[in-house]
Structures are given as C-alpha cells and as structure tokens.
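Peer 1: Could you have a look at this structure, given as structure tokens, before my questions?
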DNA sequence: CGAATGACCAAGC
DNA sequence: GGCTTGGCCATTC
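Residue numbers (my numbering): 168 to 279.
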C-alpha cells in the first residue's frame with residue numbers, strides 16, 4: 168500500500184486546518200459549501216487546493232461530505248469515497264441532477 | 001529555501 | 001458537456 172506523506176492531522180499543522188474543520192462543522196445539514204468558499208472565509212481566497220488537502224485528513228467529527236467543488240460536483244474519485252459522499256448528501260435531502268451535480272443556488276451554504 | 005503534492009478554480013477549445 | 005492548461009496556496013520532505 169502506498170503511504171501518504173504525513174497525514175495533515177498527524178502533524179502540528181493545526182493553524183489552517185483547524186479553521187477549515189471548524190468552519191465545515193458549522194455547515195448545517197442538507198447544505199453544502201465549496202472549497203473556494205471555505206478558503207475565502209479563512210482569508211485565503213486561493214487556497215482552495217489546500218482546503219482539499221485539509222479535508223483529506225479531516226477527523227470523523229467533520230462533515231466533509233458537505234464540501235464540494237465550485238461546480239457543485241463531488242470532487243472525490245469513485246475509488247476514494249465518491250459513493251459515500253453522494254450517499255450521505257442524498258440522505259440529507261440533497262438532490263443530484265443527471266450529471267451528478269448539486270444546485271448550489273439551492274443547497275449552497277450562505278449562498279451569495 | 002527549493003521541489004513536489006493535492007478531495008481546486010477559471011478560462012479556452 | 002468534456003478535456004487541457006496555467007495559476008494559487010499551505011504543507012511536507
């Protein structure tokens with residue numbers, strides 16, 4: 168098995184990640200947020216990728232399944248957890264269109 | 001400090 | 001609608 172380079176949480180990188188987790192925990196059930204949205208809320212309007220990296224090591228207490236990309240799609244690969252995320256969202260009442268996308272105008276958290 | 005990485009984003013074709 | 005390219009950023013080694 169391939170070993171990932173130090174999981175985020177196994178290190179003392181709690182500054183940025185912790186804020187990401189704290190924010191994601193605030194996402195109400197049945198709503199979703201985008202990586203970019205989180206990044207901006209944290210004051211790093213371009214760190215969307217970093218947010219994704221943070222989610223990768225997100226604790227079980229974090230509703231990571233409510234985080235999708237700017238297009239309203241699940242960013243995970245089918246082999247990484249796509250199915251699980253989609254199932255969880257569906258269980259919360261989030262709908263997916265034919266292309267497997269979510270209507271951010273409708274389910275987006277604090278949609279602007 | 002430099003190079004590599006990643007669950008991203010916007011723009012182009 | 002789908003694929004490619006370049007750019008951004010924090011973290012890691």
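Here a beta-carbon is modelled for each residue, glycine too, at the ideal position from N, C-alpha and C.
Just the Cα atoms here: how many angstroms apart are residue 223 and residue 267?
Peer 2: Taking the straight line from one Cα to the other gives about 21 angstroms.
Peer 1: Considering just the uninterrupted stretch of the alpha helix (DSSP H) at residue 219, what are its terminal residues?
Peer 2: Residues 215-223.
Peer 1: With a floor of 4 residues, list each alpha helix (DSSP H) that falls wholly inside the region 191-274, ordered by position along the chain.
Peer 2: Counting only runs of 4 or more, we get 202-208, 215-223, 249-258 and 271-274.
Peer 1: For the region 241-252 against the region 204-217, are there 3 or more C-beta pairs whose distance is under 8 angstroms?
Peer 2: Flag = no, the region 241-252 and the region 204-217 do not touch.
Peer 1: Do the CB positions of residue 197 and residue 260 come within less than 7 angstroms of each other?
Peer 2: Contact: yes.
Peer 1: Are residue 192 and residue 229 touching if we call contact CB-CB under 7 angstroms?
Peer 2: Cβ distance < 7 angstroms, so residue 192 and residue 229 count as in contact.
Peer 1: Measure the Cβ-Cβ separation of residue 269 and residue 239 and say whether it is below 7 angstroms.
Peer 2: Yes, the Cβ-Cβ distance between residue 269 and residue 239 is below 7 angstroms.
Peer 1: Just mark residue 250 as buried or exposed, buried being the case when its beta carbon has 16 or more other beta carbons within 10 Å.
Peer 2: With fewer than 16 other Cβ atoms within 10 Å, it is exposed.
Peer 1: Assign residue 225 to one of two classes, buried (16 or more other C-beta atoms within 10 Å of its C-beta) or exposed (fewer than that).
Peer 2: Per the 10 Å Cβ criterion, buried.
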